[in-house]
Amino acid sequence: MKRATLRLSRAALCLAGLWAAAPAPAQTAPPAGPSADPTQVRPGRYVLDPAHGTITWSLSHFGFSVFYGQFTAVAATLTLDPKAPAASRLAAEVAVSEIGGVGEALSQRLREPDFFDSTRFPKASFSSTQVEPTGPTTARVTGDLTLKGVTKPVVLDVTFTLAGPHPLDHRYTVGFEGRTVLKRSEFGVSAYAPQLGDEVTLRLAGEFKAEP
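Numbering (mature numbering (1 follows the signal peptide of the UniProt record, and there is no 0)) for the sequence shown: -26 to -1, 1 to 186.
In structure tokens:
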């Protein structure tokens, strides 16, 4: 009985040794998650997710309050290269008749000639001319804004937020936020100015999907 037990113990030790010496099974690395490091962004061309691209505008409402609204129909393309961020390009179009958060009566009023005159000028557009990095995740984007038939340069202060596979559709996505201030009267949107704030703040938020 002792000899049988000894033989079994030796066999167990041999099996343990073989197990320890055997190479570990190959591990499949999990897909890389979102990153807040802009240097890791995939280069290429991106298209704005129309369901997650908004422009929020605000201005003084005769001094009584700050009034907010949104343009909800925004289309944009973006070209990115993390190794040459200054070469990035942004182009966008906004349907100025699609106004959210203000009610139908005011939306209709804003479409009239002394505001956006959306029958004659249904879209506003922006095309970048220069991108100047200002920090690890920020940049100053200069471009031409055309609104109500008037084209003038504007500057957007842009912040990179996140990039990586989106948790809902798994498509590679890049997120940005931006801000600028302009005078609406310079674009012919002059109704009630300056009592109804002439200075308008635009806040932008967008999720851009990488093209296949």
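From the three backbone atoms N, C-alpha and C, an ideal C-beta is built for every residue, glycine too.
Practice prompt. Give me the Cα-Cα distance between residue 16 and residue 146, rounded to the nearest whole angstrom.
Written response: The residue labelled residue 16 in the question sits at position 42 within the sequence shown. The residue labelled residue 146 in the question sits at position 172 within the sequence shown. Approximately 9 Å between the Cα atoms of the pair.
Practice prompt. Note down the Cα distance separating residue 28 from residue 165, rounded to an integer number of angstroms.
Written response: As a first step, residue 28 is located in the sequence shown; it is residue number 54 there, counting from the start. As a first step, residue 165 is located in the sequence shown; it is residue number 191 there, counting from the start. CA-CA distance, residue 28 to residue 165, rounds to 24 Å.
Worksheet item: With a Cβ-Cβ cutoff of 8 Å, do residue 84 and residue 128 count as a contact?
Response: Counted from its first residue, the sequence shown places residue 84 at position 110. Counted from its first residue, the sequence shown places residue 128 at position 154. In this structure, the beta-carbon distance from residue 84 to residue 128 does not fall below 8 Å.
Discussion item. Assuming residue 181 is part of the beta strand (DSSP E), what are its boundary residues?
Written reply: Locating residue 181 in the sequence shown gives position 207, counting from the first residue. Taken as a continuous stretch (DSSP letters only), the beta strand (DSSP E) holding residue 181 covers 173 to 184.
Discussion item. Just to confirm the assignment: which complete beta strand (DSSP E) runs, minimum length 3, are found wholly within the segment 67 to 120?
Written reply: Within the segment 67 to 120, the complete beta strand (DSSP E) runs of at least 3 residues fall at 97 to 107.
Item to complete: Pull up the DSSP beta-bridge partners for residue 20, would you.
Response: Your numbering for residue 20 matches position 46 in the sequence shown. Beta-bridge pairing links residue 20 to 52, 184.
Worksheet item: Going straight from the alpha carbon of residue 170 to that of residue 120, what length do you get?
Response: By one-based count along the sequence shown, residue 170 stands at place 196. By one-based count along the sequence shown, residue 120 stands at place 146. Rounded to the nearest angstrom, the gap between the Cα atoms of residue 170 and residue 120 is 22 Å.
Worksheet item: Which term fits residue 38, buried or exposed, when burial requires 16 or more other beta carbons within 10 angstroms of its beta carbon?
Response: Position 64 of the sequence shown, counted from the start, is the residue given in the question as residue 38. Residue 38 is exposed by the Cβ-count criterion.
Fill in: Outcome for residue 94 when other beta-carbon atoms lying within 10 angstroms are tallied against a minimum of 16
Here residue 94 is taken as the residue at index 120 of the sequence shown, counted from 1. Under a 10 Å Cβ-count criterion, residue 94 is classified as exposed, with fewer than 16 other Cβ atoms of the shown protein chains found around its own Cβ.
Worksheet item: When burial is assigned at 16 or more other CB atoms within 10 Å of the CB, is residue 9 buried or exposed?
Response: Within the sequence shown, residue 9 is the residue found at index 35, counting from 1. With fewer than 16 Cβ atoms within 10 Å of its Cβ, residue 9 is classed as exposed.
Fill in: Cα-Cα separation between residue 66 and residue 114, rounded to whole angstroms
The residue labelled residue 66 in the question sits at position 92 within the sequence shown. The residue labelled residue 114 in the question sits at position 140 within the sequence shown. For residue 66 and residue 114, the distance between alpha carbons rounds to 16 Å.
Worksheet entry | Own chain partners of residue 72 with C-beta closer than 6 Å, once the 5 adjacent residues on each side are dropped | Within the sequence shown, residue 72 is the residue found at index 98, counting from 1. Excluding sequence neighbours, residue 72 sits near 46, 47.
Discussion item. Could you tell me the alpha carbon to alpha carbon distance between residue 135 and residue 42, rounded to whole angstroms?
Written reply: Numbered from its first residue, the sequence shown carries residue 135 at position 161. Numbered from its first residue, the sequence shown carries residue 42 at position 68. Approximately 23 Å between the Cα atoms of the pair.
Discussion item. Counting C-beta neighbours from all protein chains within 10 Å, is the total for residue 5 16 or more, i.e. buried, or is it exposed?
Written reply: Position 31 of the sequence shown, counted from the first residue, corresponds to residue 5. Only weak support exists for where residue 5 lies, its pLDDT of 48 falling under 50; the value from the coordinates is given anyway. Exposed, because fewer than 16 other Cβ atoms sit within 10 Å of the Cβ of residue 5.
Worksheet item: Tell me which same chain residues have a C-beta within less than 7 Å of the C-beta of residue 172, skipping the five on either side of it?
Response: Numbered from 1 along the sequence shown, position 198 holds the residue referred to as residue 172. Cβ within range, chain order: 157, 158, 159.
Practice prompt. List the residues that DSSP assigns as beta-bridge partners of residue 131.
Written response: Here residue 131 refers to the residue found at position 157 when the sequence shown is read from its first residue. Note: residue 131 sits in a beta bridge opposite 114, 153.
Item to complete: Check whether the Cβ atoms of residue 53 and residue 21 lie closer than 8 Å to each other.
Response: As a first step, residue 53 is located in the sequence shown; it is residue number 79 there, counting from the start. As a first step, residue 21 is located in the sequence shown; it is residue number 47 there, counting from the start. No, these two residues do not count as a Cβ contact at 8 Å.
Practice prompt. Measuring only between beta-carbons, confirm whether residue 91 sits less than 8 Å from chain B.
Written response: Of the protein chains in the structure, only one exists, and it is not chain B.
Worksheet item: Nearest to residue 148 by CA position, among 69, 91, 174, 111, is which residue?
Response: Here residue 148 refers to the residue found at position 174 when the sequence shown is read from its first residue. Looking at the Cα atoms, 111 is the closest of the given residues.
Worksheet item: To which residues of the same chain is residue 185 closer than 8 Å at the C-beta, ignoring the five residues directly before and after it?
Response: As a position in the sequence shown, residue 185 is number 211, starting the count at 1. 18, 19, 20, 21, listed in sequence order.
Discussion item. According to DSSP, simplified to helix, strand and coil, what is residue 137?
Written reply: On the sequence shown, residue 137 is found 163 positions in, with the first residue counted as 1. In the three-state reduction of the DSSP assignment, residue 137 falls in the strand class, which pools E and B.
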